Amino acid sequence: MLRERKKNVHAYVRGCFEQRLQHVQLPFEQWSEAYYNPYFGPSFVDRCTEMPIDCADLAICEKGRVFYYQSNMRV
52 MLRERKKNVH AYVRGCFEQR LQHVQLPFEQ WSEAYYNPYF GPSFVDRCTE MPIDCADLAI
112 CEKGRVFYYQ SNMRV
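Position in the sequence shown counted from 1, then plus 51, gives you the numbering used here.
In structure tokens:
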């Protein structure tokens with residue numbers, strides 16, 4: 052992707068869908084937004100810190116945006 056400058060890779064979040072967490076109410080301050088830009092690197096990064104994200108406790112993918120929650124805020 053980076054070498055070819057051609058969009059042939061798609062980002063993804065892997066995990067298990069948990070129906071019981073469908074309507075979980077966590078304080079907004081505890082969620083962070085992540086984004087993926089294949090031209091700059093191979094992983095999602097935190098929108099504020101620009102640090103790569105290799106795992107999260109919970110993730111929400113909605114309307115083209117990704118939000119994640121980490122109980123101890125590790126990235």
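Heads up, the beta-carbon is just placed ideally off N, CA and C, and yes, glycines get one too. None of these values were measured; they are calculated from a predicted model.
Cβ distance (whole Å) where residue i is taken to contact residue j below 8 angstroms
| i | j | result |
| --- | --- | --- |
| residue 94 | residue 119 | Incorrect: roughly 12 angstroms between the Cβ atoms, too far for contact. |
| residue 99 | residue 64 | That belief does not hold up - the Cβ atoms of residue 99 and residue 64 are roughly 18 angstroms apart, past 8 angstroms. |
Chain-order list of residues whose beta-carbon lies under 7 angstroms from that of residue i (same chain, five-residue window excluded)
| i | result |
| --- | --- |
| residue 121 | 107 and 108 |
| residue 116 | 84 |
Environment of residue i [buried if 16+ CB atoms lie within 10 Å]
| i | result |
| --- | --- |
| residue 128 | Limits of the chain in this structure are 52 at one end and 126 at the other, which puts residue 128 out of reach. |
| residue 70 | exposed |
| residue 114 | exposed |
Proximity below 8 angstroms, CB of residue i to CB of residue j
| i | j | result |
| --- | --- | --- |
| residue 97 | residue 110 | no |
Residue from the options with nearest C-alpha to residue i
| i | options | result |
| --- | --- | --- |
| residue 102 | 88, 77, 115 and 112 | 88 |
| residue 123 | 90, 77 and 81 | 81 |
Same chain only: Cβ atoms within 8 angstroms of residue i, ignoring 5 sequence neighbours per side
| i | result |
| --- | --- |
| residue 62 | 87, 89 and 95 |
| residue 72 | 109 |
| residue 66 | 110 |
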